[in-house]
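Residue numbers (the working numbering), protein chains in the order written: chain A, 7 to 377; chain B, 25 to 499. No residue lacks a Cβ here, since even glycine has one placed at the ideal position from N, Cα and C.
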């Protein structure tokens with residue numbers, strides 16, 4: 007800006023047109039008679055100024071046009087936002103605009119753009135999967151002379167770099183805190199192919215925002231996991247959208263949530279994999295902590311109903327002696343900061359403790375021999 | 025309230041209209057801007073508005089009594105008291121947990137047991153930025169470079185929402201006169217403002233988000249699983265990510281302020297075209313660099329004294345500058361690396377000048393070699409800035425040696441093109457932006473509205489569904 011030179015009113019550069027002729031107000035007439043200034047950049051390019059009312063008009067008009075062009079996405083974003091007044095108001099405004107946009111075929115501009123970049127229903131233009139570790143060994147299929155086909159499965163308990171253990175890690179932002187550390191630790195063994203699929207602000211209450219069951223259905227054939235590790239739920243204390251909405255904290259909500267988790271666990275273990283479900287650690291905020299306790303309790307109940315599910319309570323690893331929230335833990339005689347200052351997420355040191363617990367579970371409860 | 029959200033667009037529409045409607049009535053304008061700014065800040069956590077008010081009160085009282093003091097000694101004590109109070113607040117929220125755990129662990133090492141309570145206060149957003157602005161206000165009054173302002177002016181100066189969350193760190197002498205002056209409501213430099221906002225959004229929402237998810241996050245999450253090529257590209261990509269993230273925020277902040285009739289100082293000037301680290305810091309986060317220079321480096325002695333004194337001053341300044349970003353040893357290492365690099369550069373300049381040579385080697389090839397080497401050093405330091413711990417940083421760097429047998433999985437033509445394009449814009453002079461702004465300014469109203477809407481559509485289509493907060497929001 008300091009490189010701009012200001013030129014006094016230039017009649018030659020009145021580029022903003024004239025106001026409408028239909029009974030202009032005093033203010034419009036005033037604006038119309040303002041001579042724009044011409045500003046010149048250091049490189050010699052000129053631009054003009056406008057009165058604030060015209061800038062406001064331009065700003066509002068551009069937003070309005072964008073609202074129509076992008077209406078279907080904005081409508082979707084409003085639909086997937088937390089149930090409440092804000093969502094209701096947003097949908098009341100956006101529903102008719104989106105309907106008009108569709109009717110006038112304007113929404114096709116946006117849908118074509120989304121198709122061009124390959125954006126999928128979960129809002130991602132590419133796979134979320136992050137795979138590390140030794141190259142995955144394909145199943146060995148042999149056919150005998152009698153025509154009997156036998157498939158040799160990779161050994162689960164004695165993985166090697168030639169036949170690595172396949173682990174799929176799923177989660178929200180807390181799951182990603184754990185997942186990054188766990189994936190790195192598993193990859194460092196040299197005998198595990200670890201795949202991480204995580205997305206912040208997701209959970210099982212709002213499949214309209216991010217559909218974890220669909221994501222899992224897509225991940226399973228791609229990764230063929232022997233072990234699935236999942237950690238999610240901190241974003242779940244919210245109403246199930248209806249109609250009718252099912253408010254969080256009601257018996258009906260608890261019933262639906264438990265059923266949803268059971269179904270997800272059944273899906274995760276449907277191909278024979280063992281699911282290690284890591285609970286949400288205690289939260290600093292008492293209100294959030296109480297809500298998270300409800301989620302943990304329902305997830306624990308669900309875990310007892312599905313075969314091949316191992317439940318790990320992270321409160322026993324990241325909590326204090328009473329299993330309550332703490333930012334610091336004494337590990338090997340040294341204090342370690344295990345939680346971030348927001349009182350929610352897990353620090354790298356905290357994630358290391360949690361991933362060590364998961365690996366220990368794989369060793370002790372599943373008998374997997376890891377270097 | 026993040027800039028690239030509908031919430032903010034609606035907020036700004038209201039703020040813009042209210043600001044200009046009240047522009048003829050200065051006191052109402054100030055009250056409205058203050059109310060809007062506190063509302064903007066309260067969006068994250070209302071209780072910390074009280075902290076912002078407390079820092080404003082300290083700066084105001086300190087500035088007032090510095091000006092009233094009859095002796096130099098009195099002025100000095102009021103200045104020291106105010107700065108110490110402001111630093112005390114910053115220290116409590118930002119560093120107490122870090123200090124406590126390190127002191128406690130040291131005590132345990134010597135068998136002394138638990139000697140300090142371990143606490144971890146919630147970090148109020150933007151505290152580093154508005155505390156530094158409050159300090160500059162007090163010190164400028166002490167230095168007689170600034171007259172004490174009225175309470176409402178000081179409050180607006182510290183809380184003005186376009187700069188509140190992540191700068192630029194504007195000085196009292198730059199902003200207070202603009203707050204007091206009636207703005208020209210008939211001549212808004214809207215084309216430049218729109219260009220800054222749109223470019224800032226594109227850099228943040230499209231480029232920064234893309235490189236973060238495409239390579240930076242995966243390689244830093246699990247460096248041992250990636251090849252040396254991935255590691256090198258990951259570091260370059262992070263240089264692009266943090267530049268697009270932070271300069272994108274700054275562009276938007278400058279553009280928004282311009283729409284409200286306020287001019288902010290420039291904060292970035294093609295930093296990756298720097299020929300050495302001194303040059304880099306004249307181009308990167310310029311308002312922080314000059315703050316550190318004027319309120320820390322020069323009071324420490326600056327360039328005066330022996331080479332050893334200058335080296336000490338540079339190291340202290342850069343290490344504290346590193347810690348300003350966060351209470352973590354990795355930030356300290358980042359600052360120390362930049363400090364050490366600048367000490368070497370300073371000695372080199374001095375010796376060249378003594379030998380009758382230009383401080384910076386001349387010639388096209390030498391210029392490009394210096395730019396290349398400076399960029400590589402900056403990227404090396406960024407590894408510590410981005411890493412979650414020393415272990416993570418050293419794992420990352422060790423792959424530069426051990427990662428040559430691993431297949432490269434994350435480097436795609438699109439990623440290479442994106443990194444190259446961002447760097448090329450800094451390295452190769454171009455008139456494209458000025459030409460586009462001029463073209464936009466010449467269009468009719470309806471065409472301008474449609475163009476803006478289409479650009480917004482492109483940004484929202486190419487960007488991810490949820491935009492991550494700006495990196496500098498954490499500082």
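- In this structure the region 433-448 of chain B touches the region 263-276 of chain B; the number of beta carbon pairs closer than 8 Å is three or more.
- Rounded to whole angstroms, the separation of the alpha carbons of residue 394 of chain B and residue 329 of chain B is 28 Å.
- By the rule that beta-carbons nearer than 8 Å mark a contact, residue 213 of chain B touches chain A.
- Within a 10 Å sphere around the beta-carbon of residue 108 of chain B sit fewer than 16 other beta-carbons, which makes this residue exposed.
- The contact set of residue 190 of chain A on chain B, defined by CB atoms closer than 9 Å, consists of 245, 246, 247, 248, 249, 416, 419 in chain order.
- Assigned with DSSP and collapsed to three states, residue 35 of chain B falls in helix.
- Beta-bridge partners of residue 199 of chain A (DSSP): A:172.
- Under the Cβ criterion of 8 Å, residue 144 of chain B is counted among the residues facing chain A.
- Residue-level contact by beta carbon fails for residue 450 of chain B and chain A, as no gap is shorter than 8 Å.
- When rounded, the separation of the alpha-carbon atoms in residue 65 of chain A and residue 96 of chain A is 20 Å.
- Under the DSSP definition of a beta bridge, residue 442 of chain B lacks any partner.
- Here the alpha carbon of residue 198 of chain B sits roughly 21 Å from the alpha carbon of residue 103 of chain B.
- Contact between residue 302 of chain A and residue 281 of chain A is ruled out by a C-beta separation of about 16 Å, above the 8 Å threshold.
- With its beta carbon at least 8 Å from every one in chain B, residue 177 of chain A lies outside the interface.
- Per DSSP, reduced to three states, the secondary structure at residue 296 of chain A is helical.
- Taking a contact as a CB-CB distance under 8 Å, the pair residue 110 of chain B and residue 79 of chain B counts as one, their CB atoms being some 6 Å apart.
- In terms of beta-carbon proximity, residue 186 of chain A lines the interface with chain B, with at least one pair separated by less than 8 Å.
- Runs of the alpha helix (DSSP H) spanning 4 or more residues and lying entirely within the region 210-250 of chain A occur at 218-229, in chain order.
- At the C-beta level, residue 30 of chain B and residue 180 of chain B stay beyond 8 Å of one another.
- Across the structure, residue 227 of chain B and residue 255 of chain B are spaced so that their CA atoms are roughly 23 Å apart.
- Across the structure, residue 323 of chain A and residue 345 of chain A are spaced so that their CA atoms are roughly 12 Å apart.
- For the region 471-482 of chain B, the residues whose beta carbon sits under 7 Å from a beta carbon of chain A are, in order, 472, 473, 474, 476, 477, 480, 481.
- Excluding residues up to 5 positions away in sequence, 285 lie with their Cβ nearer than 7 Å to the Cβ of residue 319 of chain A in the same chain.
- As the crow flies, the alpha-carbon of residue 215 of chain B is around 38 Å from that of residue 359 of chain B.
- A residue is called buried once 16 or more other Cβ atoms fall within 10 Å of its Cβ, and residue 337 of chain A, having fewer, is exposed.
- Around residue 102 of chain A, no beta-carbon contact reaches into chain B at under 9 Å, the shortest distance being about 17 Å.
- Contact between residue 47 of chain B and residue 348 of chain B is ruled out by a C-beta separation of about 35 Å, above the 8 Å threshold.
- When secondary structure is reduced to three states using DSSP, residue 346 of chain A falls in the coil class, being assigned neither helix nor strand.
- In the same chain as residue 367 of chain B, and ignoring 5 residues on each side of it, the C-beta atoms closer than 7 Å to its own belong to 335, 338, 339, in chain order.
- For residue 106 of chain A, no beta strand (DSSP E) run applies; the uninterrupted alpha helix (DSSP H) run containing it begins and ends at 91-109, by DSSP.
- Going by DSSP, residue 415 of chain B is part of the alpha helix (DSSP H) stretching over 414-426.
- Chain-order list of chain A residues neighbouring residue 209 of chain B: 57, 58, by C-beta distance under 7 Å.
- The alpha-carbon separation between residue 435 of chain B and residue 205 of chain A amounts to approximately 22 Å.
- C-alpha of residue 255 of chain A to C-alpha of residue 296 of chain B: approximately 53 Å in a straight line.
- Residues of the region 296-307 of chain A with a C-beta less than 7 Å from any C-beta of chain B: none at all.
- Excluding its 5 nearest sequence neighbours in each direction, residue 50 of chain B has C-beta neighbours in its own chain below 8 Å: 204, 206, listed in chain order.
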